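Numbering (my numbering), first residue to last: 242 to 418.
Only one structure is covered here, and it is reproduced in the block below.
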């Protein structure tokens, strides 16, 4: 089985900026440079034929250009416990449009459509902590902003779980715009 997702890599200067912010949350597992991405669509664990079908579905698409800027920080929680801290992106519309197009193509090939609302973001850290653990970090970086930047490729990643951080290996990619 292959654990797959489609994502976008921000340019090196943006990744460097995000890496410079990391720290100050006790127990956080900060992302490394090669982990910084925007998930466009999580596919999940699929066998090789389904992975090949996903590649064929994306091959058939004309992918729109996508540009965004860093815009604040936030956190996701589950039952009152923070599980990740992220950097936001704005405007959301170009990334949402790309997500919908990819999601529809994958649904046509037989994958379950995405059920969760799509919020484009770049995960900075994973954690299991009460909300107050990240309050100072989120307040300090609430005004995070950048000039707009373009994403140039949609990348199919295989996520390999193991000891320590997940490793994301590019499997295929497609130009945007």
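Virtual Cβ for every residue (Gly too), placed ideally from N, Cα, C.
Bear in mind the structure is a predicted one, so any value in this text is a computation, not a measurement.
Counting every other CB atom within 10 Å of its CB across the protein chains shown gives residue 392 a total of 16 or more, marking it as buried.
Contact check for residue 256 against residue 400 fails: the beta carbons are separated by 7 Å or more. Annotation: the continuous alpha helix (DSSP H) that includes residue 292 extends over 289-300. Assignment of beta-bridge partners to residue 386 by DSSP yields 312.
Residue state for residue 253 is assigned as helix, using DSSP reduced to three classes.
When rounded, the separation of the alpha-carbon atoms in residue 311 and residue 347 is 28 Å.
Excluding residues up to 5 positions away in sequence, 279, 315, 327, 328, 329, 330 lie with their Cβ nearer than 8 Å to the Cβ of residue 362 in the same chain.
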